[in-house]
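Input: a single structure, listed below in structure tokens.
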Amino acid sequence: MTLRVLTVDDSRTILAMLHHTLSNAGFEVLQAEDGRQGLDMLKNETVDVVITDINMPVMDGIEFIRNVRATGQHNSLPILILTTETSQDKRDQGKAAGGTGWIVKPFDPEKLISVIHRVVH
1 MTLRVLTVDD
11 SRTILAMLHH
21 TLSNAGFEVL
31 QAEDGRQGLD
41 MLKNETVDVV
51 ITDINMPVMD
61 GIEFIRNVRA
71 TGQHNSLPIL
81 ILTTETSQDK
91 RDQGKAAGGT
101 GWIVKPFDPE
111 KLISVIHRVV
121 H
């Protein structure tokens, strides 16, 4: 079974790095450039895990996670936060919104893949 991952980030560079890393690891990768686009994708697509940035235009990652959890349909969907933010306050906000895990950029490809397997299985 191929795992489907939705990556949500406003940085085309990060999206490209994630796509390269994840597709080479055998994942099917869907991508969105902000939280609003990510929410729209989740209405039409089934994914196994979401990786989202925090600081994005239109809808930031915290609001995106809150909206995903508010539907009730994705309560068990793992949502990993991939960000440059390191403050405890932001981590607390991410956890309170419903985030599953926290990864600081730049990411280590092997660790990211390991975390995905851990939260999905």
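Residue numbers (full-length UniProt numbering): 1 to 121.
Even glycine gets a Cβ: it sits at the ideal position worked out from N, Cα and C.
Small disclaimer: the values here were computed from a predicted structure and weren't measured.
**Request:** With a 10 Å radius around its C-beta and 16 neighbouring C-beta atoms as the bar for buried, classify A96 as buried or exposed.
**Result:** In summary, A96 is exposed, with fewer than 16 beta-carbon neighbours lying within 10 Å of its beta-carbon over all protein chains present.
**Message:** Quick check: what's the CA-CA separation for Q93 versus N24?
**Reply:** 32 angstroms
**Request:** Determine the closest residue to V5 out of P57, E110, G98 and I79, with distance taken between C-alpha atoms.
**Result:** I79
**Residues near E85 in its chain [Cβ-Cβ closer than 6 angstroms; skip 5 each side]** = Cβ neighbours of E85 beyond the five flanking positions: I54.
**Asked** Which two residues bound the contiguous beta strand (DSSP E) that contains L6?
**Response** R4 to V8
**Asked** Where do the ends of the alpha helix (DSSP H) carrying G38 lie?
**Response** G35 to N44
**Request:** Using 10 angstroms around the beta-carbon of A70, count the other beta-carbons present and answer buried if the total reaches 16, otherwise exposed.
**Result:** exposed
**Asked** What separation, rounded to the nearest whole angstrom, lies between the Cα atoms of E63 and G35?
**Response** Spanning the two alpha carbons is a distance of roughly 8 angstroms.
**Item:** Paired residues, beta bridge with E28 - DSSP
**Value:** R4
**Continuous alpha helix (DSSP H) stretch holding G98: start and end** = No alpha helix (DSSP H) contains G98, which DSSP labels as neither H nor E.
**Asked** When burial is assigned at 16 or more other CB atoms within 10 Å of the CB, is G26 buried or exposed?
**Response** exposed
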